[in-house]
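Worksheet for the structure shown next.
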Amino acid sequence: MEKIEVLNIELDNYTKEELLIELLESVKNNRKRFLVTANPEIIMMARQNPEFAGAIQSADYVVPDGIGLIIGSRIIGHPLKERIPGVELVEELLKISDENNLAVYFYGAKPEVLKRLLDSVNKKYPGIRVAGSSDGYTSSPEAVAKQIESKSPDIVFVAMGAPKQEEWIYRHFKNYSKGIFVGVGGSFDVLSG
Ligand code: UDP
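Position 162 of the sequence shown, counting from 1, maps to 1479 under our numbering, and the rest follow consecutively.
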């Protein structure tokens, strides 16, 4: 797929639909993928933070979440097809997981937010196999990484905000044999209530 450079970051030029088709294909083939949803703020952050920059560069997909990147791509004459907001991506991946009985791990947010989110997921998406969950404050990041390794889920949502979520994925990604790993910022807060 075509890449478009905006603010020195190569962005993947997908529609949400195209991206979802490819991600489901990856899951079905037991591949592992690291996906970053980018906005101008995180690109600026990466300029100051080498580990974060390394994480973004290592990702299999970097897609535009912020409208600023879409506007930027138009200004330079290489328009990105569309914005792919993190929250919408989570919702679509939950739908796909429900339809395909995928195993999903939820990592991040405050304990009470995570609990509300899981209650809602269990009700709304009964086909999802919840492989496990950890809030983003009380568990050790290393212990969570090990738990995910033993469960080998199809999708891992990491909701701790940038750069924490991408750095955590970057640090542990090599230990996994499969799974879609995606940093989803405040999505659990939005979807839990
Ligand atoms: N968070 C977390 N652990 C932390 C810091 C933040 O789990 O150590 C969670 C926080 O509770 C919220 C999310 O990460 O659910 C960050 O949301 P924010 O809106 O700041 O992220 P953005 O969407 O702006 O990247």
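Glycine included, every Cβ here is placed at the ideal spot set by N, Cα and C.
Query: In whole angstroms, give me the CA-to-CA distance for Tyr1422 and Val1475.; Result: 9 Å
Query: Taking contact to mean at least 3 C-beta pairs separated by less than 8 Å, is the stretch 1466-1473 in contact with the stretch 1386-1394?; Result: no
Query: Between which two residues does the alpha helix (DSSP H) containing Lys1333 stretch?; Result: Lys1333 to Lys1345
Query: Quick check: the stretch 1371-1386 against the stretch 1355-1363, are at least 3 beta-carbon pairs closer than 8 Å?; Result: yes
Query: Just checking my contact of Arg1350 with Tyr1378 at CB under 8 Å: how many whole Å lie between their CB atoms?; Result: 7 Å
Query: On a Cα-Cα basis, can you pick out the residue from Val1353, Ala1376 and Leu1337 that is closest to Lys1491?; Result: Ala1376
Query: With distances taken Cα to Cα, identify the nearest neighbour of Leu1419 among Lys1398, Gly1449, Glu1405 and Gly1425.; Result: Gly1449
Query: Please confirm whether any heavy atom of the ligand UDP lies closer than 7 Å to the CB of Val1430.; Result: yes
Query: If you reduce the DSSP assignment to three classes, tell me which class Tyr1414 lands in.; Result: The amino acid at residue 1414 is misidentified as Tyr; the sequence shows Ser. Looking at Ser1414 - three-state DSSP - the assignment turns out to be helix.
Query: Taking the straight line between their C-alpha atoms, what separation do you get for Ser1343 and Gly1496?; Result: 8 Å
Query: Give the straight-line distance between the Cα atoms of Val1404 and Gly1500, rounded to the nearest whole angstrom.; Result: 11 Å
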